[in-house]
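Protein chains in written order, with the numbering used here: chain W, 1 to 203; chain B, 1001 to 1203.
Ideal Cβ positions, reconstructed from N, Cα and C, are used throughout, including at glycine.
In what follows, a structure is listed as structure tokens, so that the remarks can point back to it.
There are 2 protein chains.
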Amino acid sequence: MAKQIKDLSTEEKIKEAARKVFTSKGFAAARTRDIAEEAGMNLALLNYYFRSKEKLFEIVMTENLLHFISGIQTLLYDTATSIDEKIDRLTNYYIDQIIEYPDLPLFILNALKSNAKFLKGKLNKNIMLKSHFMLQLQAELKKNKKTIKPLHFIINTFSMIIFPFVARPLLMEVALSKDAEFIELMNERRKLIPVWIKTILRS
Amino acid sequence: MAKQIKDLSTEEKIKEAARKVFTSKGFAAARTRDIAEEAGMNLALLNYYFRSKEKLFEIVMTENLLHFISGIQTLLYDTATSIDEKIDRLTNYYIDQIIEYPDLPLFILNALKSNAKFLKGKLNKNIMLKSHFMLQLQAELKKNKKTIKPLHFIINTFSMIIFPFVARPLLMEVALSKDAEFIELMNERRKLIPVWIKTILRS
DNA sequence: TTCAATTTTAATCAAATGATTAAAAAATAT
DNA sequence: ATATTTTTTAATCATTTGATTAAAATTGAA
């Protein structure tokens, strides 16, 4: 049926436009008219397909978050890769992802801060704690006679990967002058972060 | 003159209310009525003392940012402290600061992302690069025959300190269950982060 | 084709919101 | 004390913005 195809297409156009506008401006600053214009659609269609700005946001937000999380899941639950390989892959995968979707990290952090309600149950509390990576971390720490909680190293990895991107405007203001410098720095970190993480894990 | 005293007091009340509301909700979601109510003042006073919501935001934002930066400046430019001592102090100072003003980091990151215009000239490009800490870092790296840019280690330090706080809602969702656990984790990091930084600097 | 259902549009609504105004109140100076 | 200036208030404005509606256009079925 052409109907279904068109449905999906129109809905999807609005959703994509919403994703773009919400992600770059945040919920409050995004106007439904911005989204309609971005999608090249009549404003009323937004309320026809999605009930309200809130509903649309929840859908986009949930999809963004699940996309972000599923990347982690795939990498951290792979029983075929070593701990070192996981660290390498995680670093490169997330640097790639953030370069492709630079507004996503700050958007997710903001949305989670102000909108934790509708996400209840969407995220699995054990996604980190029950992962294969966590088991490998625990084994590694035990081998090195360290009593530090493995979660710290997961936090460190994500911190070193993500933070420089969300702090990019500050970095540009206080330490860098050209965009190319920033990108160069982040590409250096692809190799450096894994080395650092492995070092603090074992030294 | 009583006039000056009262001026400052009223202005300051509005500014404090604005700081609170802007910092917790962000610029777009903050309504001038929220700020007036928070300050216990008539809405019109906001436009009487400050010309507009934007102007008020710029003032609050600038003050927040300078407060944040001046903390760094004091610590990083102290020629009397060793590099290790600087790392210790920086870590503890910023963990203290963020526990006291938990909304500030995300607020600053957001504001810098969307509003870089009015800040031009307010931040010194060389605040990081010309600091005593940077000299000490360079010396330390040279001593250890490392060719990594010292800026990486500054980024790592701030990443490991600040990121877990801005990612707190995500952490609570995927790995922790009680606020106390989070605080415990962050307090463990007071000692851990300096050890990690010193390790990757020298190993 | 013809009819019914679905989708799209233009116009409009109602509430929210930043801002202004004119008058009242308070403070200060003479 | 009186007059002048400054500060505060209540009421109101104008615009923005999320949402609705009724009609038009399009699509699919009979």
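For B/Ile-1014 and B/Glu-1063, what's the separation of their Cα atoms in angstroms?
14 angstroms
At the 8 angstroms Cβ level, is W/Gly-121 part of the contact set with chain B, yes or no?
no
What residues of chain W sit near B/Lys-1113, judged by a beta carbon separation below 7 angstroms?
Leu-106, Pro-169
Jot down the residue ranges of each uninterrupted alpha helix (DSSP H) in the segment 150-195 of chain W, minimum 4 residues, whole runs only, in chain order.
150-166, 168-174
Neighbourhood of W/Leu-90 by C-beta, 7 angstroms cutoff - its chain only, sequence neighbours within 5 removed
Leu-75, Thr-157
Quick one: is W/Leu-192 near chain B, going by C-beta distance under 8 angstroms?
yes
Using a beta-carbon distance below 8 angstroms, is B/Glu-1173 in contact with chain W?
yes
May I ask you to list, following chain order, the residues of the segment 74-97 of chain W that have a beta carbon less than 9 angstroms from some beta carbon of chain B?
none
What residue does the alpha helix (DSSP H) around B/Leu-1112 start on, and which one ends it?
1104-1114
B/Met-1041 versus chain W: which residues are under 9 angstroms apart at the beta carbon?
Under the 9 angstroms cutoff, chain W gives no residues; its nearest Cβ is about 23 angstroms from B/Met-1041.
Anything in the segment 1129-1149 of chain B with a Cβ closer than 9 angstroms to a Cβ of chain W? List those residues in chain order, please.
Leu-1129, Ile-1148, Lys-1149
What separation, rounded to the nearest whole angstrom, lies between the Cα atoms of B/Val-1174 and W/Leu-112?
12 angstroms
Beta-carbon within less than 6 angstroms of B/Thr-1010's beta-carbon, same chain only, minus the 5 sequence neighbours each way: which residues are those?
none
Please compile the residues from chain W whose C-beta is within a distance smaller than 7 angstroms of the C-beta of B/Ala-1028.
Gly-26, Ala-28, Ala-29
Would W/Ser-52 pass as an interface residue toward chain B - the criterion being a Cβ-Cβ separation below 8 angstroms?
no
Identify the continuous alpha helix (DSSP H) that holds B/Asn-1124 and give its terminal residues.
Where B/Asn-1124 is concerned, there is no enclosing alpha helix (DSSP H), given that its DSSP letter is neither H nor E.
Is it true that the CB of W/Tyr-101 sits closer than 8 angstroms to the CB of W/Gly-71?
no
Host alpha helix (DSSP H) of B/Tyr-1101 (start-end):
Looking at the DSSP string, B/Tyr-1101 is not in any alpha helix (DSSP H), and its letter there is neither H nor E.
Starting from W/Lys-117, trace the alpha helix (DSSP H) both ways and give me its first and last residue.
Per DSSP, W/Lys-117 belongs to no alpha helix (DSSP H) and is neither H nor E.
Assigned exposure category for B/Gly-1121 - 16 Cβ within 10 Å defines buried:
exposed
Alpha carbon to alpha carbon, how far is B/Met-1172 from B/Lys-1178? Give it in angstroms, no decimals.
7 angstroms
Is DSSP giving B/Gly-1071 helix, strand or coil here?
helix
To the nearest angstrom, how far is it from the Cα of W/Pro-150 to the Cα of W/Leu-141?
8 angstroms
Closer than 9 angstroms, Cβ to Cβ, to anything on chain W: give me those residues from the segment 1149-1160 of chain B, in chain order.
Lys-1149, Leu-1151, His-1152, Ile-1154, Ile-1155, Asn-1156, Phe-1158, Ser-1159, Met-1160
Note down, in chain order, each residue of its chain lying with its Cβ closer than 6 angstroms to the Cβ of W/Asp-7, except the 5 sequence neighbours on either side.
Residue placement at W/Asp-7 is flagged as unreliable, the pLDDT there being 46, under the threshold of 50; the coordinate-derived value follows with that caveat. Nothing meets the Cβ criterion.
Under 8 angstroms between the Cβ atoms of W/Phe-22 and W/Phe-57?
yes
Could you check whether the Cβ of W/Ile-200 sits closer than 8 angstroms to any Cβ belonging to chain B?
yes
Mind checking whether B/Ile-1095 and B/Ile-1161 have CB atoms under 8 angstroms apart?
yes
Rounded Cβ spacing between W/Phe-133 and B/Phe-1163 (contact assumed at less than 8 angstroms):
Actually they are not in contact, since the Cβ atoms of W/Phe-133 and B/Phe-1163 sit about 18 angstroms apart, beyond 8 angstroms.
B/Arg-1051, DSSP secondary structure in three states:
coil
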